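Notes follow the structure.
In my numbering, the protein residues as written are -5 to 279.
This is the structure:
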């Protein structure tokens, strides 16, 4: 079952003196691009938290936020004057307001408050891990739900490609007859004597050059392979992307060999369906 790279997860844990909130947001990306935002006092745990997120989400542009709100008096909090002044200067440059209003805004910013105790105790860190694990469960559930929608769309488009391929198979004999008749007419219009045996040999060579039997077989195999991979237990976005490229190659080759308007029209429809698959494929994990 495929997963989307788009997702959101959030979990909140209330401790005796503080509320800890963990948020995860993800969008599509070729690789894992993880951006972490947390209070400076918790940076010592950032590497471990990053590893935990990476092992679960694997790929995508991920924003990780750890927010701590003090709700008790277990630790004495003081205003981080330097940080507040810096925030006020920056806010004054982009917004109008008196000093009191600017200070209210600055106090809501990260690191505007600092505590005498900077170390994270074991109980608090375990709470953070619990919150992160639950947020990961939520974001993966979200990704799976989005993946189900993508899978349904892929199945419909692959079925459409199979139907178009069947139409190509049906009209291929007519195409070959049409090509033969056009060649014979062109030779007849020359009004010159032609060696029938030599003409027949050249005609066979020409028809073989534009034969699409192998392309039809390979395209059918690629479509079957795509459908089979889509049903696998793991999400194989990169693998599906490679198969999509192979499908595109066969469609392009059929189009270049077609030399027959009705078949070229079907090829255009196939390219349109494939392009929609490629667009959605960018979101698959």
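Yeah, the Cβ is synthetic: ideal placement off N, Cα and C, and Gly gets one too.
If you're wondering where the values come from, they're calculated on a predicted model, not measured in any experiment.
Going by DSSP, residue 31 is part of the beta strand (DSSP E) stretching over 26 to 31.
Taking the CA atoms as reference points, residue 141 sits about 48 Å from residue 174. Distances from the CA of residue 55 to each of 262, 22, 245 were compared; the closest alpha carbon is that of 22. Between the segment 143 to 160 and the segment 0 to 9, the count of C-beta pairs closer than 8 Å stays below three; the two stretches do not touch.
Membership of residue 65 in any alpha helix (DSSP H) is not indicated, and neither H nor E is assigned to it by DSSP.
Annotated as proximal: residue 209 and residue 244, with beta-carbon spacing under 8 Å.
Counting C-beta pairs closer than 8 Å gives three or more between the segment 76 to 88 and the segment 96 to 104, which meets the contact rule. With a cutoff of 8 Å on beta-carbon distance, residue -4 and residue 62 are scored as not near each other.
Under the three-state reduction of DSSP, residue 1 is assigned to strand. DSSP places residue 16 inside the beta strand (DSSP E), whose first and last residues are 12 to 21. Residue 143 sits exposed, since fewer than 16 C-beta atoms from the chains shown fall within 10 Å of its C-beta. Look at residue 103 here: in three-state DSSP terms it is coil, with no helix or strand label. Residue 101 and residue 78 have their C-alpha atoms some 6 Å from each other. Exclusion of the five residues before and after residue 271 leaves 148, 151, 238 as the residues of its chain whose Cβ lies within less than 7 Å of its Cβ. Distance from the CA of residue 46 to the CA of residue 168, rounded to the nearest whole angstrom, comes to 60 Å. The beta carbons of residue 25 and residue 53 sit about 6 Å from each other, so the pair counts as a contact at 8 Å.
Under DSSP, residue 73 takes part in a beta bridge, and its partners are 107.
In the three-state scheme derived from DSSP, where H, G and I count as helix and E and B as strand, residue 52 is classed as coil.
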